[in-house]
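Numbering of the sequence shown is given in the numbering used here, commencing with residue 2 and proceeding in unit increments.
All C-beta atoms, glycine included, are put in the ideal place defined by N, C-alpha and C.
See below for the structure under consideration.
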Amino acid sequence: MPSNRRTFAIISHPDAGKTTLTEKLLLQGGAIHMAGEVKARGAARRARSDWMKIEQQRGISVTSSVMTFEKAYDGETITFNLLDTPGHEDFSEDTYRTLTAVDSAIMVLDAAAGIEPQTLKLFEVCRLRSVPIITLINKIDREGRDPFELLDEIADKLALDVSPMSWPVGMGGLFEGVYDFEQDELYLPEGDDKAFRGKTVKLAGPGDPKLADHLSADGVARVAEEGLLAREGYAPFDFEAYRNGDLTPVFFGSALKEFGVEAIIDAIARHAPPPRPQPAGDGEVSPERDEVTGFIFKVQANMDPNHRDRIAFMRQVSGTFRRGMKLTPSGLGKPIAVHSPILFFAQDREIADTAQPGDIIGIPNHGTLRVGDTLSEKDEVRFTGLPNFAPEILRRVRLKDPTKTKQLRKALDDLSEEGVIQVFYPELGAQSIIGVVGQLQLDVLISRLSAEYKVDASLEDSPFATARWLAGSEEDLREFERFNQANLARDRDGDLVFMAKSGWDVGYQEEKNPKLTFSATKER
Ligand code: G4P
2 MPSNRRTFAI ISHPDAGKTT LTEKLLLQGG AIHMAGEVKA RGAARRARSD WMKIEQQRGI
62 SVTSSVMTFE KAYDGETITF NLLDTPGHED FSEDTYRTLT AVDSAIMVLD AAAGIEPQTL
122 KLFEVCRLRS VPIITLINKI DREGRDPFEL LDEIADKLAL DVSPMSWPVG MGGLFEGVYD
182 FEQDELYLPE GDDKAFRGKT VKLAGPGDPK LADHLSADGV ARVAEEGLLA REGYAPFDFE
242 AYRNGDLTPV FFGSALKEFG VEAIIDAIAR HAPPPRPQPA GDGEVSPERD EVTGFIFKVQ
302 ANMDPNHRDR IAFMRQVSGT FRRGMKLTPS GLGKPIAVHS PILFFAQDRE IADTAQPGDI
362 IGIPNHGTLR VGDTLSEKDE VRFTGLPNFA PEILRRVRLK DPTKTKQLRK ALDDLSEEGV
422 IQVFYPELGA QSIIGVVGQL QLDVLISRLS AEYKVDASLE DSPFATARWL AGSEEDLREF
482 ERFNQANLAR DRDGDLVFMA KSGWDVGYQE EKNPKLTFSA TKER
């Protein structure tokens with residue numbers, strides 16, 4: 002039986018409308034009844050269990066990391082799992098890993114801005130894994146750029162085929178509605194706020210004379226001329242090309258005014274892939290496999306220093322999970338019983354009894370589970386594709402109180418386990434070096450050191466700009482070590498890392514040492 006799960010994320014540049022769209026998607030899916038209720042319900046719900054209380058103190062919401070809603074299609078209920086990607090300017094490893102746990106993505110663009118830097122970065126991560134993408138060009142109720150120009154920009158900057166699925170009848174002050182190419186339907190605004198409230202008109206095509214009953218002369222011309230040009234000038238929607246990540250269907254809409262929201266959900270339900278097989282070493286694990294398997298893509302700790310419990314987020318890959326089931330984490334070698342899994346169904350059952358491939362399970366633990374771990378019944382598979390990235394910022398941590406060395410070490414260990422930072426221990430000298438991909442991770446580090454570990458610290462420049470994991474024969478590595486000790490460190494797993502002063506430095510050493518590989522990513 003084909004799976005009814007759709008596990009996806011929204012990628013966008015800050016301010017494009019991700020939060021607004023999320024809220025409207027949940028509304029449409031019946032997961033919440035009124036915009037704004039997300040929070041009220043969340044707070045009421047959080048009071049129910051201990052870890053949720055802790056989460057409340059911390060002021061962050063674990064539950065909002067995964068949002069689930071259901072909708073019926075042709076007699077079948079589709080379950081949507083929407084994973085939240087942190088919405089910061091900074092690219093963080095956390096975001097990357099969240100994208101490894103989804104099967105497809107919605108890309109939200111601001112119609113006035115087009116492709117922005119963060120959109121591009123997140124898109125590239127999706128492309129690495131051929132994650133299929135549905136595009137929403139948002140905020141057409143405001144002045145925006147020419148729709149043709151926007152389509153061309155997506156095609157050029159992302160090297161993707163674009164297939165317009167709908168067309169804006171004007172934007173901003175001239176906005177009169179949206180024409181749906183697939184259904185040949187006109188979606189019309191109503192009321193003073195010009196929002197979509199379900200008013201649609203079925204038409205014979207973009208040249209239908211009935212358009213004049215609902216649009217101004219300009220609007221009619223827009224649909225007839227631009228609409229026709231758009232429909233004929235771009236690739237028609239091609240399911241295979243979309244699934245392969247080569248084509249993106251593009252919807253025009255306004256999350257705020259609810260134009261295009263339903264079309265996006267429908268597209269996810271009808272076109273987006275159900276749970277995909279996941280890479281594991283040389284092969285992959287199919288969702289059809291009987292055995293329960295999954296991988297941890299995120300770990301979130303709480304702020305209560307007395308209770309070091311954490312929630313590990315597992316993306317289920319195969320099997321039917323049942324509460325109380327024993328799973329073996331790859332890092333541990335012995336099974337753990339998962340008694341109180343957190344399943345993120347929108348209905349009132351956050352502690353559910355079963356889960357399917359594509360679902361996310363929150364597993365409370367005390368530090369046994371690490372990002373990148375595989376969990377499985379038989380301990381036979383290892384999922385791959387959750388790399389660490391070569392840091393782009395390297396810093397030394399300076400303690401304000403030198404008697405806190407032990408606490409600092411513990412904190413750095415914990416936080417690197419969680420994937421907040423990476424720690425490198427230089428071969429010469431005692432001061433460890435912190436590596437991150439984005440500045441945000443450093444801010445999180447400092448605030449958590451002080452809040453959770455009572456360690457007051459500041460960051461100092463380090464002489465290094467980036468790092469590369471080294472691989473080669475024992476002999477070649479030793480030889481390299483002999484001359485470069487001052488630039489070598491070990492990571493937490495004891496693997497050898499070349500600390501480079503610049504990108505040029507990396508290139509130079511690569512050239513000089515052709516037998517060694519200098520790797521910018523590492524998979525455990
Ligand atoms: P983000 O999560 O991607 O950062 O964006 P968010 O949804 O928070 O939206 C950013 C701003 O853009 C918000 O306005 C939001 O109301 C507005 N917005 C989102 N979608 C649309 C749309 O389709 N049309 C229009 N006109 N505006 C849209 P804000 O003023 O920053 O916040 P608020 O005070 O309105 O909540």
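From the listed residues Pro464, Leu187 and Glu125, the smallest Cα separation to Pro210 is found for Leu187. For Asn139, the shortest separation between its Cβ and any heavy atom of ligand 1 lies below 7 Å. For the 8 Å CB-CB criterion, Lys195 and Asp147 do not form a contact. An exposed status is given to Tyr509, since fewer than 16 other beta-carbon atoms sit within 10 Å of its beta-carbon. For Asp219, the uninterrupted alpha helix (DSSP H) segment begins and ends at Ala218 to Ala222.
The three-state reading of DSSP puts Lys335 in coil, since its state is none of H, G, I, E or B. Listed in chain order, the non-local C-beta contacts of Gly368 below 8 Å within the same chain comprise Arg309, Arg311, Asp415 and Glu418, local neighbours out to five positions each way being set aside. The region 252 to 272 makes no contact with the region 367 to 381, as fewer than three CB pairs between them are under 8 Å. The count of Cβ pairs closer than 8 Å, one atom from the region 489 to 499 and one from the region 462 to 477, reaches three, so the stretches are in contact. Annotation for Ala113 indicates a beta carbon at 7 Å or more from all heavy atoms of ligand 1.
Annotation: the region 182 to 229 contains the following complete segments of the alpha helix (DSSP H) (minimum length 4 residues), in chain order: 218 to 222. By the neighbour-count criterion, in which 16 or more other beta carbons inside 10 Å mark a residue as buried, Leu204 falls on the buried side. If you draw a straight line from the Cα of Asp214 to the Cα of Asp193, it is about 20 Å long.
In the assembly as shown, Asn245 is an exposed residue. Its beta-carbon has fewer than 16 other beta-carbons within 10 Å. Of the candidates Thr467, Asp494, Leu400 and Gln440, the residue whose Cα lies closest to the Cα of Lys455 is Leu400. Note that the region 391 to 405 does not touch the region 285 to 303; fewer than 3 beta-carbon pairs, one per stretch, sit closer than 8 Å. Contact annotation: the region 169 to 187 touches the region 214 to 229, with at least three C-beta pairs closer than 8 Å. Taking every protein chain shown into account, the CB of Gln317 has 16 or more other CB atoms within 10 angstroms, so this residue is buried. Using a 10 angstroms sphere on the CB of Arg7, the tally of other CB atoms reaches 16 or more, which defines it as buried. Look at Leu257: its beta carbon is less than 7 Å from one of the heavy atoms in ligand 1.
In this structure, Leu370 lies near Pro330, with their beta-carbon atoms less than 8 Å apart. For the 8 Å CB-CB criterion, Leu395 and Ser341 do not form a contact.
Distances between the C-beta of Gly18 and the heavy atoms of ligand 1 include at least one below 7 Å.
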